[in-house]
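Residue numbers (our numbering): 6 to 837. The beta carbon of each residue, even a glycine, is placed where N, CA and C say it ideally should be. Remember, it's a predicted structure, so these values are computed and weren't measured experimentally. To start, the structure under review is shown below, and the notes come after it.
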């Protein structure tokens, strides 16, 4: 093997093709040294220990093949190991005959210019016959025998791609290509041997990629694509690129860009890994030398060139050339104004709206909308009617319709202000009545963010199966899902968390430090619990162990395990692994009440798995806090909403749930004697709920309906809150814990006063709880508990949920400060 030559050592390379010269000049000499590149030999040699390109030796004794995909042994040894039934350690210790991996080695006779016949013989064919048939000596004795003399080289194989030596003087090819030609002729695949010599594939050797027989530009393109993928941390094994090189050689293609043709690209359909490599290589080649000015002329924009972020903007669905050019002018003008993680995502809805306008013009005008000067107000009306039709048929949502009208109106207005309708502009002569008026915009549908939270039963089941999520996807997806559940952040905000995302406030409380990419607010701080902090701390240690040499400031909390040798890239998605996990889980059964023959019956029905997606945890987090009575302005800060109205939507859902809970609890309402008032639950109308809210007042252990006391806000009780002796007193099952606590307090007070307590008789008598009051409270408690015992387990579970909702939202009385219960993350409420 000759030493690698520098790029400049190949005189005249790319002189006739500026693009080839541009690509060659972009090649990094350090990268060329890593792959031991020689412009004369044109073979890429994969190193053993490189973090991206490296292919270490197989662990089996005597096997020198490269290991792929982070395995411990090569594929051949792995198959043999599985057949052997031995342990990995025992199999690896067994000596294995030395493998050549299709690489040609020279005869061991000193100065012999011919290749060895096989790995076992280690001699060329004439010397092997001399050793076996003539001298009949062991190999080592044969090498020392004076009659053994070196043979002259037979010359190089005449196949253009091959750099191996011929095995025999009488053959024009190496032994491998001789056999290939023989079998190809038998199959009738060779009609012109000269063409076969130019297009035949190389004899593939382990850790080698042969680029011989390809034009200079193609060679430079493959090298640059491999360099770019390596710099991006993407592993590109030799067998990924061999089908591509063989196909390009067979086509005699002048450039790799022929693969942009869908029909040509389809010829690689049988090798999925190669197709992915080709796409990324074409992407990097397209970016080489590209500028925003050159990219804007294309119909599909690579946003990396404009904003530095991945993604594309596709204008090909706008079929009218003039309209397409105008929209491209608008997008070019609008992109610099966009902020956030993915500015292209903010522009895409406008392009999508113009796609709909283009489709409408194409379908409803005889000239397909090709002539801007012929467009009129009637075309706008037709567009609005088509959007209405698409909405009614379910092809787009009402929200999409509203946004499409607004976005189209904005783009058309900007097209005019940018001067694109002036003479010489792409939309020259566009009439002034081709515009959307304010009255053309349909009403915005009511926000549906709230109400998409997951029931507690579903959350509980999900948390019980988190181990399966890790098994099906990865540790990072599991941690990301746990953080979504606990914190209610958006999936992108969790996915992009840096390593040092755990912080402390001045009072020592733990906070999650994250970036709100949607609203472009960085460094947000969210209070979290100790259980959530423990999840983060454990993951931090895992990341530190995986990437010990990377500075902490560059690490991601959830690093990708692909194309990420230094841990600086976050996982691509949480949703894909999450969806596979949810679909693999058994049905989520939730109690559902239906009415049969006028009677409510509870069934355990499956919950729709389509409603379980990562963003649903954000809705659940918000709804959990709203149900717990957290103030709207506090919830707005917790959710980092820009508008208080967004947070208030969750309280509308809370009100509906409280009403449902009251309907259930009211079925177990009792008077002072423990008599059940309503024997079956009745749904209350809104007016009835209002009447109850103003016709009763909270008192200890229930409600009071005495008019004068209600008017006084509960501060004018004639019998001084001896409620269990009053006909106006009502209680229900939601007050059972308070009644039990009250009964225990009465008994303790009576026992204490009956002991040697220093007090006057009148004071003792006044403070002593009466036996009748104790008897009434005890009877009330027993009756409530007895009626609860008569319910089915499903009904008891429903009542328990309803009681929790009612107690959280209950109005406190007697001027006591209202302190809401602490809202824990899902780790602390029995979910995990």
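Quick one: what does DSSP say residue i is sitting in, helix, strand or coil?
i: residue 67; result: coil
i: residue 30; result: helix
i: residue 612; result: coil
i: residue 897; result: Since the first residue of the chain shown is 6 and the last is 837, residue 897 is not available in this structure.
i: residue 688; result: Legend: pLDDT at residue 688 = 42, less than 50; position of this residue unreliable, no value from coordinates given.
i: residue 816; result: Low confidence applies to residue 816: its pLDDT is 46, below 50, so where it sits in the model is not reliable enough to give any reading.
i: residue 606; result: strand
i: residue 595; result: strand
i: residue 307; result: strand
i: residue 99; result: coil
i: residue 546; result: helix
i: residue 499; result: helix
i: residue 87; result: helix
i: residue 213; result: strand
i: residue 617; result: coil
i: residue 313; result: coil
i: residue 704; result: strand
i: residue 559; result: helix
i: residue 82; result: helix
i: residue 637; result: helix
i: residue 698; result: Confidence at residue 698 is low in this model, with a pLDDT of 48, below 50, so the placement of that residue is unreliable and no value is reported for it.
i: residue 224; result: helix
i: residue 49; result: strand
Among the candidates the options, whose CA atom is the shortest distance from the CA of residue i?
i: residue 440; options: 470, 804, 386; result: 386
i: residue 537; options: 117, 58, 518, 653; result: 518
i: residue 220; options: 204, 234, 758, 213; result: 204
i: residue 64; options: 282, 95, 720, 640; result: 95
i: residue 295; options: 281, 311, 283, 282; result: 311
i: residue 424; options: 450, 332, 367, 398; result: 332
i: residue 238; options: 792, 733, 566, 635; result: 566
i: residue 164; options: 230, 255, 111, 129; result: 255
i: residue 336; options: 324, 351, 326, 21; result: 351
i: residue 755; options: 779, 735, 736; result: 779
i: residue 436; options: 430, 554, 379, 327; result: 379
i: residue 229; options: 40, 382, 194; result: 40
i: residue 143; options: 130, 497, 126; result: 126
i: residue 429; options: 67, 391, 327, 372; result: 327
i: residue 781; options: 110, 730, 613; result: 730
Quick one: is residue i buried, meaning 16 or more other Cβ sit within 10 Å of its Cβ, or exposed?
i: residue 98; result: exposed
i: residue 172; result: buried
i: residue 551; result: exposed
i: residue 5; result: Outside the shown range of the chain, which is 6 to 837, sits residue 5, and nothing can be said about it.
i: residue 546; result: exposed
i: residue 692; result: Low local confidence applies: a pLDDT of 43 at residue 692 is under 50, so the model's placement there is unreliable, with the coordinate-based value given in what follows. Under this definition residue 692 is an exposed residue.
i: residue 610; result: exposed
Could you check whether residue j and residue i sit closer than 7 Å to each other, using their CB atoms as the reference points?
i: residue 393; j: residue 358; result: no
i: residue 723; j: residue 751; result: no
i: residue 69; j: residue 62; result: yes
i: residue 377; j: residue 288; result: no
i: residue 486; j: residue 583; result: yes
i: residue 156; j: residue 119; result: yes
i: residue 276; j: residue 259; result: no
i: residue 407; j: residue 354; result: no
i: residue 285; j: residue 57; result: no
i: residue 51; j: residue 243; result: yes
i: residue 627; j: residue 655; result: yes
i: residue 413; j: residue 362; result: yes
i: residue 484; j: residue 544; result: yes
i: residue 445; j: residue 389; result: yes
i: residue 748; j: residue 786; result: yes
i: residue 607; j: residue 800; result: yes
i: residue 253; j: residue 241; result: no
When you measure from the CB of residue i to every non-hydrogen atom of the ligand ATP, does any distance come out below 6 Å?
i: residue 631; result: Looking at this structure, you won't find the ligand ATP or any other ligand, since it has none at all.
Between residue i and chain C, is any beta-carbon pair separated by less than 7 Å?
i: residue 226; result: Given the protein chain composition of this structure (a single chain), no chain C is represented.
Inset, instruction - Please specify which runs of the alpha helix (DSSP H), each continuous and at least 4 residues long, are wholly inside the stretch 338 to 393, giving them in chain order. - result: 348 to 369
Inset, instruction - May I have a chain-ordered list of the alpha helix (DSSP H) segments no shorter than 4 residues that lie completely inside the stretch 506 to 537? - result: none
Inset, instruction - Entirely within the stretch 718 to 758 and at least 3 residues each: give me those beta strand (DSSP E) ranges in chain order. - result: 734 to 737
Legend entry - Continuous alpha helix (DSSP H) assignments of at least 4 residues falling wholly in the stretch 404 to 481: 461 to 469, 471 to 477
Legend entry - alpha helix (DSSP H) segments (min. 4 residues) lying fully within the stretch 134 to 212: 144 to 149, 180 to 191, 198 to 204
Legend entry - Within the stretch 230 to 317, ranges of the alpha helix (DSSP H) (whole runs, at least 4 residues): 243 to 256, 267 to 270, 277 to 292, 297 to 300, 308 to 312
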